[in-house]
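Enquirer: Just so you know, we're using the numbering used here here: the sequence shown kicks off at -18 and counts up by one.
Virtual Cβ for every residue (Gly too), placed ideally from N, Cα, C.
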Amino acid sequence: MNKLLLIPIFLTVLAITLLSPLTAKAQFAKTEDAIKYRQSTFSVMGTHFSRIGAVVKGEKPFDKAEVAANAAVVASLAHLPWQAFGPDTEGGKSLPEIWKESDKFKASSDKMQKAVAELNTAAKAGDLDTIKKAFGAAGQSCKACHDNYRKK
Ligand code: ASC
-18 MNKLLLIPIF LTVLAITLLS PLTAKAQFAK TEDAIKYRQS TFSVMGTHFS
32 RIGAVVKGEK PFDKAEVAAN AAVVASLAHL PWQAFGPDTE GGKSLPEIWK
82 ESDKFKASSD KMQKAVAELN TAAKAGDLDT IKKAFGAAGQ SCKACHDNYR
132 KK
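So this is what it looks like as structure tokens:
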């Protein structure tokens, strides 16, 4: 191999080695960015979850495709906010318990993701009674976290 090629290869490996711990740690440049990100994802999730809620409560007619579209948004967004609860991002409506009992918080977030995945499955299948049950369980999983980890 041309020895000159080793120089850019060496520099690339060096750059990756030096930069990767930084990029892994700092998902967000500032605490406010992390707070804004998690609040935004919860807000959009709440909007689409409430639209299913209106159908479940009988305030809106049951449109299978619409409920399925809303459930798909909720289920995909449900994966996002957790990356924005990293170290040194306390603030917003978050209680400090999130960082003190992070295993418990993680378990609650896993439970919510599972519940909305089940709601998504039910919504795709399109049986309103099953959707209602799955919606109730998902709502409980939202509420459990709000009760324990959100400022009143
Ligand atoms: C919603 C919404 C929530 C949950 C929660 C369920 O529609 O925005 O945060 O339901 O209130 O208890």
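For lysine 74, which residues from the same chain have a beta carbon less than 6 Å from its beta carbon, with the 5 sequence-adjacent residues on both sides left out?
Expert: Correct list, in chain order: Arg131, Lys132.
Enquirer: If you follow the alpha helix (DSSP H) that histidine 21 is in, where does it begin and where does it stop?
Expert: A small correction: the amino acid at residue 21 is serine; histidine does not occupy that position in the sequence shown. Per DSSP, serine 21 belongs to the alpha helix (DSSP H) from 12 to 37.
Enquirer: Please report the residue range of the alpha helix (DSSP H) in which glutamine 121 lies.
Expert: Note, glutamine 121: alpha helix (DSSP H), 109 to 130.
Enquirer: Excluding the 5 residues preceding and the 5 following tryptophan 63 in the sequence, name in chain order all residues of the same chain whose CB lies nearer than 7 Å to its CB.
Expert: Excluding sequence neighbours, tryptophan 63 sits near Ser90.
Enquirer: Would you kindly check if the distance between the Cβ of glycine 72 and the Cβ of isoleucine 16 is under 8 Å?
Expert: It is a contact, given that the beta carbons lie within the stated cut-off.
Enquirer: Please identify the residue among Asn129, Cys126, Lys105, Phe86 whose C-alpha is closest to the C-alpha of alanine 56.
Expert: Per the Cα distances, Lys105.
Enquirer: In chain order, what residues of the same chain have a beta carbon less than 7 Å from the beta carbon of arginine 32, not counting five sequence neighbours either side?
Expert: For arginine 32, where only same-chain residues beyond five positions count, the Cβ hits under 7 Å are Asn51.
Enquirer: In the DSSP assignment, find the alpha helix (DSSP H) that holds serine 75 and state where it starts and stops.
Expert: Element bounds for serine 75: n/a, residue is neither H nor E.
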